[in-house]
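Some notes on the structure that comes next.
There are 2 protein chains.
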Amino acid sequence: MTNAADRRQALLAEYENIKSRQLNLDLTRGKPATAQLDLSNALDGILNGDYRCADGTDARNYGGGLGIPEARQFAADYLETHPSQVMVGGNSSLQIMYQYVANAMLNGLQGAESAWQNEAKGSERIKFLCPAPGYDRHFSICEALNIEMIPVRMNEQGPNMDEVEQLLSQDPLIKGIWCVPKYANPNGVVYADEVVDRFARLGTIAGANFRIMWDNAYAEHHLSDEPPQLANLLELSDKYGTLDNAIVIGSTSKITFAGAGMAFVASSEANIKQFAEYLGISTIGPDKVNQLRHVRFLKDMTGLRALMQEHRKILQPKFELVLKHLREGLSGKTINNKALGSWTEPAGGYFILFDTQPGLAGRVVELCAAAGVKLTPAGSTWPYKKDPANTNIRLAPSFPSLKEIDEAMQVFVLCVELATLEASESAGN
Amino acid sequence: MTNAADRRQALLAEYENIKSRQLNLDLTRGKPATAQLDLSNALDGILNGDYRCADGTDARNYGGGLGIPEARQFAADYLETHPSQVMVGGNSSLQIMYQYVANAMLNGLQGAESAWQNEAKGSERIKFLCPAPGYDRHFSICEALNIEMIPVRMNEQGPNMDEVEQLLSQDPLIKGIWCVPKYANPNGVVYADEVVDRFARLGTIAGANFRIMWDNAYAEHHLSDEPPQLANLLELSDKYGTLDNAIVIGSTSKITFAGAGMAFVASSEANIKQFAEYLGISTIGPDKVNQLRHVRFLKDMTGLRALMQEHRKILQPKFELVLKHLREGLSGKTINNKALGSWTEPAGGYFILFDTQPGLAGRVVELCAAAGVKLTPAGSTWPYKKDPANTNIRLAPSFPSLKEIDEAMQVFVLCVELATLEASESAGN
Chain S
738 MTNAADRRQA LLAEYENIKS RQLNLDLTRG KPATAQLDLS NALDGILNGD YRCADGTDAR
798 NYGGGLGIPE ARQFAADYLE THPSQVMVGG NSSLQIMYQY VANAMLNGLQ GAESAWQNEA
858 KGSERIKFLC PAPGYDRHFS ICEALNIEMI PVRMNEQGPN MDEVEQLLSQ DPLIKGIWCV
918 PKYANPNGVV YADEVVDRFA RLGTIAGANF RIMWDNAYAE HHLSDEPPQL ANLLELSDKY
978 GTLDNAIVIG STSKITFAGA GMAFVASSEA NIKQFAEYLG ISTIGPDKVN QLRHVRFLKD
1038 MTGLRALMQE HRKILQPKFE LVLKHLREGL SGKTINNKAL GSWTEPAGGY FILFDTQPGL
1098 AGRVVELCAA AGVKLTPAGS TWPYKKDPAN TNIRLAPSFP SLKEIDEAMQ VFVLCVELAT
1158 LEASESAGN
Chain Z
738 MTNAADRRQA LLAEYENIKS RQLNLDLTRG KPATAQLDLS NALDGILNGD YRCADGTDAR
798 NYGGGLGIPE ARQFAADYLE THPSQVMVGG NSSLQIMYQY VANAMLNGLQ GAESAWQNEA
858 KGSERIKFLC PAPGYDRHFS ICEALNIEMI PVRMNEQGPN MDEVEQLLSQ DPLIKGIWCV
918 PKYANPNGVV YADEVVDRFA RLGTIAGANF RIMWDNAYAE HHLSDEPPQL ANLLELSDKY
978 GTLDNAIVIG STSKITFAGA GMAFVASSEA NIKQFAEYLG ISTIGPDKVN QLRHVRFLKD
1038 MTGLRALMQE HRKILQPKFE LVLKHLREGL SGKTINNKAL GSWTEPAGGY FILFDTQPGL
1098 AGRVVELCAA AGVKLTPAGS TWPYKKDPAN TNIRLAPSFP SLKEIDEAMQ VFVLCVELAT
1158 LEASESAGN
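Chains S and Z, in that order, give the protein sequences.
Residue numbering for the first sequence follows the working numbering, beginning at 738 and increasing consecutively.
Residue numbering for the second sequence follows the working numbering, beginning at 738 and increasing consecutively.
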């Protein structure tokens, strides 16, 4: 006990000392660093006055709701499918996802009668399964469209598929599920082959109006030499006759410019056509000039993968530095015979997920904030921002410099120990 | 009679002769010509590696839902208002309009209770006033969002404001009105000062939840040396305390690249903030790199106006050629003592509106199509594509070459006379 109290005093003194330095550090969002953005600076100017697409289309003029042919080919290679099953849009895959779900909700995917909102009678609500922890902005879309969210447990293979299948077989109001199947945001999981196979068969349980929102945001964002393979949902779905159920999304946001890239979506040809027709009401079409720039710059998957290696050179030391602090500051330490926390060591993606002892995530975030280190608010990675165990903290090391990460992680590790000691003392241990 | 029959025989022979030439001409859409697009080719490459905005923001990264400061300033100058009352978005003003109306319909402009859809009980529908003829894509937005359209008569000063005010005072389900207030699509009208003043007071009749969708698409698109001035709706609305009712929209689509420009919207600061928050759910933000390109390229209103003079040099001869054919082919000619048609001679914008004798627009379009000249389908410029008098034909001379316009207008003039003679004969005259 005295040891713990002494330790807490020492940590508090250190904490007050840090506070006096008035740090201003930020580990909140998965934004690329400036050096990463610089890798694609050649985008602007690459067209060199030649705005003509492969099929003769003038990229500068109106039209072309499905995207230019070379961008569709590029996106098809990226998403491992055929160009006819791909639409290339504007700069935001989030927008594509919002528009897709809003269209399903309000207008229906197979004519007006199929609108999801028609299936919810009286006070009923349409529902989505939300493997959690997950991506906060997926959940915001559900909230905005009045879709109820049901959290589903994540394990190291992906979502708990027994739970998913059981929920779907019981409740026809469940119309969708959000996924980040590779290097998942935030826990870095890559869905196992068996899990993807079971996903491809969900349509046979849930019916024609159900959609898997497969946000493959980090498909090529590796942090290891031998990246894990994700099974091909579109190919498997095609095999099982459920291609309409699969909506696969990607973008170049974390490949070229985060806010000025191109986003794409793949599904059955009929689905893509229906979606493009819907969008044809609400926009004059995507920015085809920027699509052309992207294809001229990235060229093909070989070009893209070479660029991703450059990203990795910048990102990997940052991830390693975070992990070094966690290992050196927390590994092997216990309070009340329990580890101070656990964390992921992702093979790719943009996040490290840290788990505190139960109930402490909010307090750690609070302590860090008071010491000038901003973290994603505890709970953000859960539907309705409610992490039931209050343990998840998402660390995003991409944007800050190594020096900033170094300072921020010293604070973080200290705050984890301090919060755990506080809790242990107040529990009378 | 014999004269008319002879004339018809002669025209038919000429028509058959034209048909045998298998023309493939198109006067349908208001697309800029290639030479116009070429005027802005310097856009790509203009950043020269400098992606830093005026306030230090990196244009390449995420964020900035309201647009970059210099683009907001530019758009404010263009829309004659303050940057704080402006949001700059992506490449499509149509998308801004769709999103604005959808947001009002589903989520409400002043909290969830204010959603338009809540005001329509049972089989009632929300309604929009649609000065007609008007822009077909405005009307498509209403159709997609299940908003009933009420056509309002247009005269040479703008919409018939007695009718507008009367309808609004009678029917609280009318929540909006579509306008193209300058060089209106398709009839070229510039709303008179008195009309704009009455628009600015509509909010006092229609209430806080009513919106004027003021699509000022052709604000700087002059075809004359002394362009008419449009009164400032935002300034007048501010004076009358109705700024929330005014939604003013513009874009660079017909200034730089039609499909790769930037679009903007202005209203009260509170309105713009609410709209940006709504969009914050559904997108990561607009393409700020393209905004930066645009401001660096256009610089300011002086730069923009110089560019518009270059556009005018390309467009004006095309408009003049259309008018020459109409004058030489149709002026002074009558059948049954009635003129063969009438047309606008716009001082700006992208269209000439032709009116046939009653009931003949569809037939003229059909005859032209069979002779290889594509025109906007008769009726397109009306809600539900129904022109009650079947007289309006929209001519869009911007995209085709002078040679193509010359050929197409020969056919058009011939088809107008032929259709009128046909109708006269079948009426037994």
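Glycine included, every Cβ here is placed at the ideal spot set by N, Cα and C.
Computed from a predicted model, the values in this text were never measured in an experiment.
At the level of alpha carbons, what is the spacing between residue i and residue j?
i, j, result
"Z:F1149", "Z:N1073", "20 Å"
"S:R769", "S:V926", "The question names Arg, but residue 769 of chain S is Pro in the sequence shown. The straight-line gap from Cα to Cα measures roughly 20 Å."
"Z:M738", "Z:S757", "Only weak support is given to the placement of Z:M738: the predicted model assigns it a pLDDT of 49, under 50, and the value that follows is read from those uncertain coordinates. Z:M738 and Z:S757: Cα-Cα distance of roughly 29 Å."
"Z:G1069", "Z:K1075", "10 Å"
"Z:N844", "Z:S851", "8 Å"
"S:Y815", "Z:F1088", "42 Å"
"S:V985", "S:R809", "14 Å"
"Z:A839", "Z:T1020", "15 Å"
"S:N883", "S:S877", "10 Å"
"S:A968", "S:R1042", "19 Å"
"S:Q1147", "S:R1064", "12 Å"
"S:L904", "S:Y955", "28 Å"
"S:D775", "Z:N798", "11 Å"
"S:V901", "S:V889", "7 Å"
"S:M834", "Z:E817", "35 Å"
"S:S830", "Z:L1155", "53 Å"
"Z:L1052", "Z:S1135", "6 Å"
"Z:S1010", "Z:A841", "One point to set straight first is that residue 1010 of chain Z is Lys, not Ser, in the sequence displayed. Distance between the alpha carbons of Z:K1010 and Z:A841 is about 14 Å."
"Z:K1140", "Z:V1110", "13 Å"
"S:N1129", "S:N855", "36 Å"
"S:Y1015", "S:I805", "18 Å"
"Z:Y872", "Z:P1120", "9 Å"
Going along chain S in order, which residues have a C-beta closer than 8 Å to the C-beta of residue i?
i, result
"Z:Q832", "S1019, T1020 and I1021"
Along chain S, in chain order, which residues have C-beta atoms closer than 9 Å to that of residue i?
i, result
"Z:L784", "N778, D781 and G782"
"Z:L774", "Y788, D795, R797 and N798"
Is it true that the CB of residue j sits closer than 8 Å to the CB of residue i?
i, j, result
"S:Q773", "S:H959", "no"
"Z:P918", "Z:N953", "yes"
"Z:G782", "S:G782", "yes"
"Z:E1103", "Z:L760", "no"
"Z:N1127", "Z:L1151", "no"
"Z:M898", "Z:R874", "no"
"Z:A945", "Z:D981", "yes"
"Z:T979", "Z:G940", "yes"
"S:A1084", "S:Y752", "no"
"Z:P870", "Z:W915", "no"
"S:I992", "S:V1059", "no"
"Z:T794", "Z:G801", "yes"
"Z:A796", "Z:F1001", "no"
"Z:Q1028", "Z:V1153", "no"
"S:E1006", "S:Q822", "yes"
"Z:Q894", "Z:A857", "no"
"Z:K912", "Z:E885", "no"
Provide the residue(s) that pair with residue i in DSSP beta bridges, ordered along the chain.
i, result
"Z:H959", "Z:G1085"
"S:T1071", "S:A1076"
"S:G1022", "DSSP output for S:G1022 lists no bridge partner at all."
"Z:S988", "Z:A1000"
"S:K864", "S:E885 and S:I911"
"S:C916", "S:W951"
Name, please, each residue of chain Z whose Cβ falls closer than 9 Å to the Cβ of residue i.
i, result
"S:D792", "The premise fails here: S:D792 is roughly 15 Å from chain Z at the closest Cβ pair, so nothing lies under 9 Å."
"S:Y835", "I1018, S1019 and T1020"
Just to make sure I have the definition right: I need the residues of chain Z whose C-beta is within less than 7 Å of the C-beta of residue i. Which are they?
i, result
"S:F994", "R797 and V1026"
"S:A881", "I1018"
Looking at the C-beta of residue i, does it have a partner C-beta in chain A at a distance below 8 Å?
i, result
"S:A937", "This model lacks chain A altogether; the protein chains it does include are S and Z."
What does residue i reach in chain Z if we use C-beta pairs closer than 8 Å?
i, result
"S:I878", "I1018 and S1019"
"S:G827", "G827, N828 and D1024"
Scan the stretch 847-866 of chain Z for residues whose Cβ lies nearer than 9 Å to a Cβ of chain S and list them as they occur along the chain.
-> Under the 9 Å Cβ criterion, the stretch 847-866 of chain Z contributes no residue.
Interface positions of the stretch 741-774 of chain Z facing chain S (Cβ-Cβ less than 8 Å), listed along the chain | So the close ones are R766, K768, P769, T771 and L774.
Select from the stretch 995-1017 of chain Z all residues with a C-beta closer than 7 Å to any C-beta belonging to chain S, and list them in chain order.
-> Shown in chain order are the members of the stretch 995-1017 of chain Z whose Cβ falls below 7 Å from a Cβ of chain S: A995, G996 and A997.
Got a sec: which bits of the stretch 1120-1137 of chain Z sit with their beta carbon under 9 Å from any beta carbon on chain S, in order along the chain?
-> Listed by position, the residues of the stretch 1120-1137 of chain Z near chain S (Cβ gap below 9 Å) are F1136.
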